[in-house]
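Count the sequence shown with this note's numbering and you get residues -17 to 103, in order. See below for the structure under consideration.
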Amino acid sequence: MITFAGVMMIMVGAFHIFAGLVALFERTFYLSTPNYLITVNTTTWGWIHIALGVIVLLAGIALLTGQEWARVVAVVLAVLSAIANFTFIPYYPIWSLTIIALDTFVIWALVSHGNEYKATD
-17 MITFAGVMMI MVGAFHIFAG LVALFERTFY LSTPNYLITV NTTTWGWIHI ALGVIVLLAG
43 IALLTGQEWA RVVAVVLAVL SAIANFTFIP YYPIWSLTII ALDTFVIWAL VSHGNEYKAT
103 D
């Protein structure tokens, strides 16, 4: 299950990077709602997604290589990813809910199957 979580983290990181690039280069792609609690322009969302995506992707690689610290970092990053996508729901609902579901699977895999984790030298 740790391998599953690592692969999912890499996928989620790549999805974040993809969403960020779309926000930067195709500014009219995402829906904007005027009465939402958190109003951020799409350029800012693009940079947030790119930064988070790179960090999540690197954490996924660290999980696959057996780094001891990677499990805790991956859970924290999956939670942050879910929160970021929760606030991104008004801009692209289906995408955000899909990423939140993947983040939930990552958290479940790491928390419930963490005893299977063996660090490599």
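Backbone N, C-alpha and C fix where the C-beta goes; we use that ideal spot for every residue, glycine too. Note that this is a predicted model, so its numbers are computed, not measured.
Residues near residue i in its chain [Cβ-Cβ closer than 6 Å; skip 5 each side]
i   : result
A64 : I82 and D85
A91 : M(-17), F(-14) and A(-13)
F0  : none
H95 : M(-17)
Neighbourhood of residue i by C-beta distance below 7 Å, restricted to the same chain and skipping five residues each side
i      : result
G(-12) : G42, L45 and L46
Y12    : A5, T24, Y73 and Y74
Counted within 10 angstroms of its Cβ, other Cβ atoms place residue i as buried (16 or more) or exposed
i   : result
F7  : exposed
S78 : buried
A33 : exposed
R9  : exposed
G2  : buried
Assumed close pair residue i, residue j - CB separation to whole angstroms, cut-off 8 Å
i     : j   : result
A56   : V88 : 7 Å
H(-2) : G28 : Between G28 and H(-2) the Cβ distance is about 10 Å, and since that is not below 8 Å, they are no contact.
H31   : A52 : No, H31 and A52 are not in contact; Cβ-Cβ is about 21 Å, not under 8 Å.
Other residues of its chain near residue i: CB distance less than 8 Å, five sequence neighbours each side excluded
i   : result
I37 : G(-5) and L59
V93 : V57
V61 : D85 and I89
Fill in: Contact between the stretch 37 to 49 and the stretch 68 to 81 (3+ Cβ pairs under 8 Å)
no
Item to complete: Taking 8 Å as the threshold, find out whether the stretch 18 to 37 comes into contact with the stretch 45 to 52 through three or more Cβ pairs.
Response: no
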